[in-house]
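K.L.:
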Amino acid sequence: MPLREKLIRALKVLVFLLCLGPADVLTWKAFHDLLGANPVDVITRATGRWTLTFLLITLSITPLRRLFRLPWMIRFRRMLGLFAFFYGSLHLMTYVWLDKFFNVPEMLHDIAKRRFITAGMTAWALMLPLALTSTAGWIRRLGGKRWQKLHYLIYLSAAAGVVHFIWLVKADIRRPLTYGAVLTALLAFRVLVWGMAKARSRAAAQAAHPEIGSSGQLKKQPQ
Amino acid sequence: MLIKKPSDIPSSEITPKPVYVNRRKFLAGAAATSAAVAAGLYLRNAGSQPAATVEASTKLTGIVKSQYSTSEKPTSFKDITNYNNYYEFSTDKYEPNGLSANFRTRPWTVSIEGLVKKPKKLDIDTITKLAPPEERIYRHRCVEGWSMVIPWVGFPLSALIKQAEPLGTAKFVAFETILAPDQMPNQKRGVLEWPYVEGLRMDEAMHPLTILAVGLYDEVLPNVDGAPLRLVVPWKYGFKGIKAIVKVKFVDTMPPITWNMMAPDEYGFYSNVNPNVNHPRWSQAAERRIGDSIFSPKHATLMFNGYGDQVASLYSGMDLRKYY
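Protein chains in written order, with our numbering: chain A, 13 to 235; chain B, 555 to 878.
1) Is it right to say residue 637 of chain B is buried, meaning 16 or more other beta carbons lie within 10 angstroms of its own, or is it exposed?
2) Taking any Cβ of chain A, which residues in the segment 699 to 720 of chain B have a Cβ under 8 Å from it, in chain order?
3) Could you check how far apart the C-beta atoms of residue 745 of chain B and residue 812 of chain B are, in whole angstroms? I think they sit under 8 Å.
4) Helix, strand or coil, according to DSSP, for residue 602 of chain B in the structure here?
5) Our contact map puts residue 710 of chain B next to residue 762 of chain B with C-beta atoms below 8 Å; I'd like the distance itself, whole angstroms only.
6) Let's test the definition: count the other Cβ atoms within 10 Å of the Cβ of residue 126 of chain A and tell me whether it reaches 16, buried, or not, exposed.
7) Taking Cβ to Cβ, would you say residue 784 of chain B is nearer than 7 Å to residue 767 of chain B?
8) Extract the residue ranges of the alpha helix (DSSP H) inside the segment 691 to 729 of chain B, only unbroken runs of 4 or more that lie entirely within it.
9) Which residues bound the alpha helix (DSSP H) around residue 823 of chain B?
10) Could you give the distance in angstroms between the alpha-carbon of residue 873 of chain B and the alpha-carbon of residue 179 of chain A?
11) To which residues of the same chain is residue 859 of chain B closer than 7 Å at the C-beta, ignoring the five residues directly before and after it?
12) Compare the Cα-Cα distances from residue 629 of chain B to each of B:676, B:842, B:862 and report the closest residue.
13) In its own chain, which residues sit with a C-beta less than 7 Å from the C-beta of residue 28 of chain A, not counting the 5 before and 5 after it?
14) Going along chain B, which residues have a C-beta under 7 Å from residue 184 of chain A?
15) Ignore the nearest five residues each way along the sequence and tell me which others in residue 686 of chain B's own chain have a CB closer than 6 Å to its CB.
16) Out of curiosity, what's the CA-to-CA distance linking residue 684 of chain B and residue 615 of chain B?
17) Would you kindly work out how many angstroms separate the C-alpha atoms of residue 116 of chain A and residue 741 of chain B, rounded to a whole number?
18) Do you know whose CA, among A:131, A:100, A:63, lies nearest residue 175 of chain A's CA?
19) Closest by CA to residue 769 of chain B, which one among B:818, B:704, B:825, B:736?
20) DSSP three-state call for residue 817 of chain B: helix, strand or coil?
21) Can you give me the C-alpha to C-alpha distance between residue 109 of chain A and residue 804 of chain B, rounded to a whole angstrom?
22) Below 8 Å on the Cβ atoms is my contact criterion, and I expect residue 66 of chain A with residue 113 of chain A to pass it. Report the Cβ-Cβ distance as a whole number of Å.
23) Excluding the five sequence neighbours on either side, which residues of its own chain have a C-beta within less than 7 Å of the C-beta of residue 185 of chain A, listed in chain order?
24) Would you kindly work out how many angstroms separate the C-alpha atoms of residue 133 of chain A and residue 816 of chain B, rounded to a whole number?
25) Listed from N- to C-terminal order along the chain, which residues in the segment 19 to 37 of chain A have their beta-carbon within a distance smaller than 9 Å of any beta-carbon of chain B?
26) Helix, strand or coil: how does DSSP classify residue 48 of chain A here?
27) What does residue 648 of chain B touch in chain A if you count any residue whose Cβ is under 7 Å from its own?
28) Spell out whether any CB of chain B is found under 7 Å from the CB atom of residue 126 of chain A.
29) Which residue's Cα is closest to the Cα of residue 613 of chain B: B:830, B:849, B:776, B:819?
30) For residue 172 of chain A versus residue 135 of chain A, is the C-beta spacing smaller than 7 Å?
31) Which class does residue 118 of chain A belong to by DSSP, given the choice of helix, strand or coil?
32) What would DSSP say about residue 111 of chain A, mapped onto helix, strand or coil?
33) Please check if any C-beta of chain A sits within less than 7 Å of the C-beta of residue 851 of chain B.
34) Less than 7 Å separating the beta-carbons of residue 718 of chain B and residue 670 of chain B?
35) Residue 836 of chain B: buried (16+ other C-beta within 10 angstroms of its C-beta) or exposed?
36) Taking the CB atoms as reference points, tell me whether residue 97 of chain A and residue 139 of chain A lie closer together than 7 Å.
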């Protein structure tokens with residue numbers, strides 16, 4: 013195994029342990045009675061924030077690897093995305109178990125009636141197919157292009173997550189807006205890259221066929 | 555003398571140890587790229603934890619028991635003083651304790667005004683002597699779905715009202731919190747409209763259950779719970795219990811109240827605890843009792859927070875779905 017490969021694998025183990033950190037801290041605090049007056053509230057908020065944080069970290073892999081030309085970073089994306097799903101599922105379990113005690117009618121009522129719950133459920137539901145199809149086998153089965161398209165759902169999931177956060181806050185939405193601003197920046201990067209790629213391909217087409225103008229129309233030939 | 559005078563420096567003057575970490579400072583300069591901001595959020599989360607502190611305190615003496623107290627087990631002093639909403643200091647429920655530690659509660663005057671025979675400005679130390687301090691162990695239900703049992707020390711609001719001699723035209727009582735942006739950091743920002751205002755109908759204000767609290771657990775009311783003077787109306791959601799009161803005004807029309815101005819469809823003037831009227835964003839059918847274990851189920855919320863026998867008659871004939 014080349015040294016570079018060994019380093020990446022070691023780093024993967026390290027990142028994995030680091031990503032488990034927040035869950036470890038919560039568990040440790042829960043067992044040592046350090047979660048304050050309302051532990052369920054603390055667990056709910058912490059797991060919710062970590063879900064959003066991991067979604068944003070996952071979405072920052074592509075900009076980072078492009079801006080700093082670090083192609084190997086792509087190898088961390090799946091793990092980070094799965095951690096977003098992991099914390100999202102813990103967040104959902106906190107609601108289902110510790111908040112609602114598996115009271116299904118009440119939860120259905122919540123989903124239908126309370127828009128912040130609707131948004132949160134949507135965000136989690138959109139992550140589910142992504143987590144399920146995160147394996148190499150599923151990429152093969154779906155084919156790269158289709159798999160890629162399916163995984164664009166992460167943009168919607170992250171947006172629904174931010175909306176969920178904004179809607180649940182009573183007053184002072186600075187914190188959810190911080191997440192919203194980061195998400196906007198990360199999505200703007202993609203729009204920019206997409207726009208530049210389009211412009212480049214047009215320029216390339218123009219170079220190959222100089223008779224086609226930048227607007228795509230035929231240039232007037234000089235008389 | 556009902557309250558022992560502190561022999562040396564009042565507790566409010568003592569600067570406590572730093573009780574919270576300024577995470578904003580910690581985060582400054584974290585955002586070079588959007589990814590770096592994402593990393594910043596990671597750090598911010600890692601740094602956030604409830605700061606538990608207990609302040610220096612002064613014992614109250616001559617407290618009498620009350621027939622209105624519940625026999626339920628009171629929530630711990632630590633939880634009561636480290637978990638509450640005090641938006642003037644922070645929108646976080648763990649932070650007000652540390653942020654309010656240096657809040658100055660002396661000198662303090664309360665202005666009694668409006669439709670009264672004798673408008674006056676009363677010193678807080680005069681107010682605390684209006685009536686003997688009573689221990690009132692009340693259930694406290696927050697509109698957010700959590701509850702506590704709090705051993706307040708206070709006296710009926712009616713004692714203060716009788717002093718003021720309101721005119722027959724006075725139908726409501728309006729309360730106002732101090733406006734002190736130099737001491738209350740969130741008053742520098744537009745979190746809510748400041749100062750915080752609240753109100754009660756005259757019969758609600760005169761009800762024997764309605765008290766002005768000056769203490770907690772036999773001690774002078776901690777700053778975090780609204781020192782030096784706060785309202786407690788146990789059959790209403792907690793936000794009706796306005797803190798750090800500087801003005802009591804008698805009026806003839808329903809006064810505006812802060813949370814109602816902020817979100818009229820979510821918070822009504824009456825805001826009686828009512829399990830049948832849901833808050834648009836959460837159910838009010840059940841509540842989490844602070845201090846319970848993580849896995850213990852919630853408690854069913856009671857109509858008028860369990861004080862229906864005493865107060866239901868105040869609202870007879872009223873549609874409580876309409877007047878929430």
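Here a beta-carbon is modelled for each residue, glycine too, at the ideal position from N, C-alpha and C. Model, not experiment: these values are computed from the prediction.
P.N.:
Checking against the coordinates, here is how it stands:
1) Taking the second sequence and counting its residues from 1, one reaches residue 637 of chain B at position 83. Counting Cβ neighbours within 10 Å, residue 637 of chain B comes out buried, since at least 16 surround it.
2) 700
3) For the purposes of this step, residue 745 of chain B is taken as the residue at position 191 of the second sequence. For the purposes of this step, residue 812 of chain B is taken as the residue at position 258 of the second sequence. Incorrect: roughly 10 Å between the Cβ atoms, too far for contact.
4) For the purposes of this step, residue 602 of chain B is taken as residue 48 along the second sequence, with counting starting at 1. Residue placement at residue 602 of chain B cannot be trusted, given a pLDDT of 44 that sits under 50; what the coordinates show is reported in the next sentence. DSSP places residue 602 of chain B in coil when its eight states are reduced to three.
5) By 1-based counting over the second sequence, the position of residue 710 of chain B is 156. By 1-based counting over the second sequence, the position of residue 762 of chain B is 208. Yes, they are in contact, since the Cβ atoms of residue 710 of chain B and residue 762 of chain B sit about 6 Å apart, within 8 Å.
6) Numbered from 1 along the first sequence, position 114 holds the residue referred to as residue 126 of chain A. The residue is buried, with at least 16 neighbouring Cβ atoms inside 10 Å.
7) Numbered from 1 along the second sequence, position 230 holds the residue referred to as residue 784 of chain B. Numbered from 1 along the second sequence, position 213 holds the residue referred to as residue 767 of chain B. In contact: residue 784 of chain B and residue 767 of chain B (Cβ atoms closer than 7 Å).
8) 711 to 718
9) To locate residue 823 of chain B, count along the second sequence from 1; it is residue 269. No alpha helix (DSSP H) holds residue 823 of chain B; DSSP gives it neither H nor E.
10) Counting from 1 along the second sequence, the entry for residue 873 of chain B is found at position 319. Counting from 1 along the first sequence, the entry for residue 179 of chain A is found at position 167. Roughly 29 Å between the two C-alpha positions.
11) Sequence index remark: in the second sequence, residue 859 of chain B carries index 305 (1-based). Counting only Cβ-Cβ distances below 7 Å, and skipping sequence neighbours, we find 693, 695, 788, 789, 827.
12) Taking the first residue of the second sequence as position 1, residue 629 of chain B is located at position 75. Comparing Cα-Cα distances from residue 629 of chain B to each of B:676, B:842, B:862, the minimum goes to B:842.
13) Within the first sequence, the letter at position 16 stands for residue 28 of chain A. Contacts found: 91.
14) Position 172 of the first sequence, counting from 1, holds the residue named residue 184 of chain A. Within chain B, the residues near residue 184 of chain A are 645, 745.
15) In the second sequence, the residue the question calls residue 686 of chain B occupies position 132. 618, listed in sequence order.
16) Here residue 684 of chain B refers to the residue found at position 130 when the second sequence is read from its first residue. Here residue 615 of chain B refers to the residue found at position 61 when the second sequence is read from its first residue. So the two alpha carbons sit approximately 15 Å from each other.
17) In the first sequence, residue 116 of chain A corresponds to position 104, counting from 1. In the second sequence, residue 741 of chain B corresponds to position 187, counting from 1. If I take the Cα positions, the gap works out to 42 Å.
18) Taking the first residue of the first sequence as 1, we reach residue 175 of chain A at position 163. If we check each option's Cα against that of residue 175 of chain A, A:131 comes out closest.
19) Looking up residue 769 of chain B in the second sequence gives position 215. Among B:818, B:704, B:825, B:736, the Cα nearest to that of residue 769 of chain B belongs to B:704.
20) Taking the first residue of the second sequence as position 1, residue 817 of chain B is located at position 263. Coil at residue 817 of chain B, not helix or strand.
21) Here residue 109 of chain A is taken as the residue at index 97 of the first sequence, counted from 1. Here residue 804 of chain B is taken as the residue at index 250 of the second sequence, counted from 1. Rounded to whole angstroms, residue 109 of chain A to residue 804 of chain B spans 48 Å at the Cα level.
22) The residue given as residue 66 of chain A occupies position 54 in the first sequence. The residue given as residue 113 of chain A occupies position 101 in the first sequence. Incorrect: roughly 27 Å between the Cβ atoms, too far for contact.
23) In the first sequence, the residue the question calls residue 185 of chain A occupies position 173. 178, listed in sequence order.
24) Indexing the first sequence from 1 puts residue 133 of chain A at position 121. Indexing the second sequence from 1 puts residue 816 of chain B at position 262. For residue 133 of chain A and residue 816 of chain B, the distance between alpha carbons rounds to 27 Å.
25) 33, 34, 37
26) Here residue 48 of chain A refers to the residue found at position 36 of the first sequence. Reduced to three states, the DSSP call for residue 48 of chain A is coil.
27) In the second sequence, the residue the question calls residue 648 of chain B occupies position 94. Chain A residues near residue 648 of chain B: 48.
28) By one-based count along the first sequence, residue 126 of chain A stands at place 114. At least one chain B Cβ lies under 7 Å of residue 126 of chain A.
29) Mapped onto the second sequence, residue 613 of chain B falls at position 59. Closest option to residue 613 of chain B, Cα to Cα, is B:776.
30) Translated into the one-based positions of the first sequence, residue 172 of chain A becomes position 160. Translated into the one-based positions of the first sequence, residue 135 of chain A becomes position 123. Yes, Cβ-Cβ distance for residue 172 of chain A and residue 135 of chain A is below 7 Å.
31) Here residue 118 of chain A is taken as the residue at index 106 of the first sequence, counted from 1. In the structure shown, residue 118 of chain A sits in a helix (DSSP, three-state: H, G or I).
32) Within the first sequence, residue 111 of chain A is the residue found at index 99, counting from 1. Residue 111 of chain A falls in the helix class under three-state DSSP.
33) In the second sequence, the residue the question calls residue 851 of chain B occupies position 297. True, the Cβ-Cβ gap to chain A drops below 7 Å.
34) In the second sequence, residue 718 of chain B corresponds to position 164, counting from 1. In the second sequence, residue 670 of chain B corresponds to position 116, counting from 1. In contact: residue 718 of chain B and residue 670 of chain B (Cβ atoms closer than 7 Å).
35) For the purposes of this step, residue 836 of chain B is identified with residue 282 of the second sequence, where counting begins at 1. Its Cβ being crowded by 16 or more others within 10 Å, residue 836 of chain B is buried.
36) Start at 1 with the first residue of the first sequence, and residue 97 of chain A comes out as number 85. Start at 1 with the first residue of the first sequence, and residue 139 of chain A comes out as number 127. Yes.
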